[in-house]
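Protein chains: 2
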Amino acid sequence: MIKNELSKPKQTFRNLTEEKRLRIENALVEEFAREGYRRASLNNVVKSLGIAKGSLYQYFDNKEAIFLFVFERFTRLVKSMVGKPSAADCRPDNFWRTVRRVWKAGIIFIDNYPAYYQLYLNALFEQDIPRREEIISRVRLFSMEFFGPLAAAARKRGGLRPDVPVPVVVFMIDAAMDRFLQSYARSYLDDGLELAAADRARAEAGMDTIIEALKNGLGGGQRSP
Amino acid sequence: MIKNELSKPKQTFRNLTEEKRLRIENALVEEFAREGYRRASLNNVVKSLGIAKGSLYQYFDNKEAIFLFVFERFTRLVKSMVGKPSAADCRPDNFWRTVRRVWKAGIIFIDNYPAYYQLYLNALFEQDIPRREEIISRVRLFSMEFFGPLAAAARKRGGLRPDVPVPVVVFMIDAAMDRFLQSYARSYLDDGLELAAADRARAEAGMDTIIEALKNGLGGGQRSP
DNA sequence: TGTTTATATGACTACCTGGTCACATGATAA
DNA sequence: TTATCATGTGACCAGGTAGTCATATAAACA
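Line by line, the protein sequences give chains A and B. The first sequence maps to residues 5 to 229 in the working numbering. The second sequence maps to residues 5 to 229 in the working numbering.
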């Protein structure tokens, strides 16, 4: 995860009272989440906030800077919720427990910040997003950076199959987790798991089934040599 | 998969020569693939085609109808490439071979029709797409309809673990396949598998590793009871 | 030939966008 | 009080959009 700031609001913005700043930040997230980057309308935002268009440009340089600022808040939120691997996470025999912990953090994140999650989905698949590759890999690399070393350690200790390369392990966990969370967040993507209702208990049960299946495989009794 | 047509072009369009019709269809796919639905510009399309704006509206009712028409062509293409389960596909001990066949069909589809695949990705994640839920579930349900019965049969015969429900089996295969194909199609989504180069041979090798891992699990030697 | 019917055209409308700028407001300092 | 400076304002601009419609063209038919 690169430390550099993506975008800095003007001093004027930082001088605002926290209340007003948060009101503006929230309105911006909501708009970008609902409409994506390109279609998001700053006219809309200022209208809903009851401030003048010019004010927004006293706070930020342009639309791109606004988007990057909002996206950076998303990555900060994710990092603060998932954190770095703890000492317990690093014990190789805790590997699947750690997977479960991070996965659950994802569920909680969506419950707490649905708009920010939607913002991320939009960034993932919309074209012409400013510095798109950079901001997406900030999030995607996070997964590899987090799970990669843990998986490598677990594999060395025999907790993971030696014939599956670490990148494939991370890929599969990430793919299952991502798709699961997308289904959880957006009902019509639901694939028959019926997570739509956003019933946290049911979601966790589904998650556990999937993690077990990742660990033990889908195949029948006999293992290949 | 519902049979109803999503959108019908006007008679005028159907009266065109095949050459002109295809030229127009291709230009439309390219535009929607590159820009998504909302930002796609019909002005752009007619300019690049060298026809008049009015002509487009002689062929279709409006932008929505145009998009739905193009998307329907995508679903038709997918269906024609994957087809229905063959007799061989239905043999329970051929389950993983069938997974491999469909997965490979996905790779070939992306190689042959990259714009159509991009169109699908846009539809997946853009907001305010006409009849979005309907058209997405048309594609997603396809996976369940195709693999569901095969998985159920394989599970009954002991080819799949009895403690993993069929929807979970389909979910995991679909999630891995989808994410793999997304990485294959779009380099910056690559998660360390290095499929970016679109090297078909390497892609198939990666696919095989993932399928094996789906089948046998990521966990170490010992199985849970 | 003249007449009807189908298709092609592009100027036009109403509306939206991001961004600008001359000016208004209010607070602080001299 | 007056002067200075940060902040707030909204009319305005250039440029884009989807969609319309009167008119031109061409083809088919009488």
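Ideal Cβ placement from N, Cα and C applies to all residues, glycine included. Bear in mind that the values here come from a model prediction, so they are computed numbers and not experimental data.
query, result
"Within 7 Å of chain B by C-beta, residues of the region 134 to 166 of chain A in sequence order", "137, 140, 141, 144, 148, 162, 163, 164 and 165"
"Residue 21(A) classed as buried or exposed, judged by whether at least 16 other C-beta atoms fall within 10 angstroms", "exposed"
"Residue span of the alpha helix (DSSP H) that contains residue 51(B), given as start and end", "46 to 53"
"Classification of residue 35(B) by the beta-carbon crowding that lies within 10 angstroms, buried from 16 upward", "buried"
"Collapsed DSSP secondary structure at residue 58(B) in the structure displayed", "helix"
"Straight-line gap, residue 80(A) to residue 120(A) (C-alpha atoms, nearest Å)", "11 Å"
"Residues of the region 38 to 72 of chain B whose Cβ lies closer than 9 Å to any Cβ of chain A, in chain order", "38, 39, 40, 42 and 43"
"DSSP three-state assignment for residue 110(B), whether helix, strand or coil", "helix"
"Where residue 187(A) falls, given that 16 or more other Cβ within 10 Å makes a residue buried", "buried"
"The alpha helix (DSSP H) enclosing residue 212(B), as first and last residue numbers", "204 to 220"
"Segment contact, 8 Å Cβ cut-off, at least three pairs: the region 88 to 102 of chain B with the region 42 to 49 of chain B", "no"
"Of the listed residues 107(B), 131(B), 16(B) and 38(B), nearest to residue 40(A) (C-alpha basis)", "131(B)"
"Cβ contact check for the region 127 to 143 of chain B and the region 58 to 78 of chain B: 3 or more pairs under 8 Å", "yes"
"Span separating the alpha-carbon of residue 190(A) from that of residue 114(A)", "10 Å"
"Same chain, Cβ closer than 8 Å to residue 57(A), neighbours up to 5 away in sequence not counted", "46, 47 and 50"
"Chain-order list of residues whose beta-carbon lies under 6 Å from that of residue 157(B) (same chain, five-residue window excluded)", "96"
"DSSP state of residue 87(A) mapped onto helix, strand, coil", "coil"
"7 Å Cβ cut-off: residues of chain B touching residue 219(A)", "221, 222 and 223"
"Same chain, Cβ closer than 7 Å to residue 151(A), neighbours up to 5 away in sequence not counted", "174 and 177"
"Spatial distance of residue 110(B) from residue 206(B) (CA atoms)", "15 Å"
"Straight-line Cα distance separating residue 218(B) from residue 161(A)", "21 Å"
"Rounded distance between the beta-carbons of residue 164(B) and residue 210(A), thought under 8 Å", "About 18 Å separates the two Cβ atoms, so there is no contact after all."
"Three-state class that DSSP yields for residue 40(B) in the structure shown", "helix"
"CB contact below 8 Å: residue 214(B) versus chain A", "yes"
"Residue 180(B) to residue 61(B) span [Cα, whole Å]", "41 Å"
"9 Å Cβ cut-off: residues of chain A touching residue 272(B)", "Nothing can be reported for residue 272(B), as the shown portion of chain B is limited to 5 through 229."
"Residues within the region 118 to 133 of chain B neighbouring chain A, beta-carbon criterion of under 9 Å", "122, 125, 126, 128, 129, 130, 131 and 132"
"Neighbourhood of residue 89(A) by C-beta, 8 Å cutoff - its chain only, sequence neighbours within 5 removed", "102, 150, 153 and 154"
"Extent of the continuous alpha helix (DSSP H) run through residue 156(B)", "136 to 160"
"Whole-angstrom C-beta distance between residue 14(A) and residue 64(A), which should lie under 8 Å", "6 Å"
"Cβ-based burial, residue 128(A) [other Cβ within 10 Å; buried from 16]", "buried"
"Straight-line gap, residue 168(A) to residue 204(B) (C-alpha atoms, nearest Å)", "20 Å"
"Exposure label - residue 116(B); buried when at least 16 CB within 10 Å", "exposed"
"Element boundaries [alpha helix (DSSP H), containing residue 187(A)]", "170 to 189"
"Within 8 Å, strictly: CB atoms of residue 70(B) and residue 32(B)", "yes"
"Burial state of residue 44(B), where buried means 16 or more other Cβ atoms lie within 10 Å", "buried"
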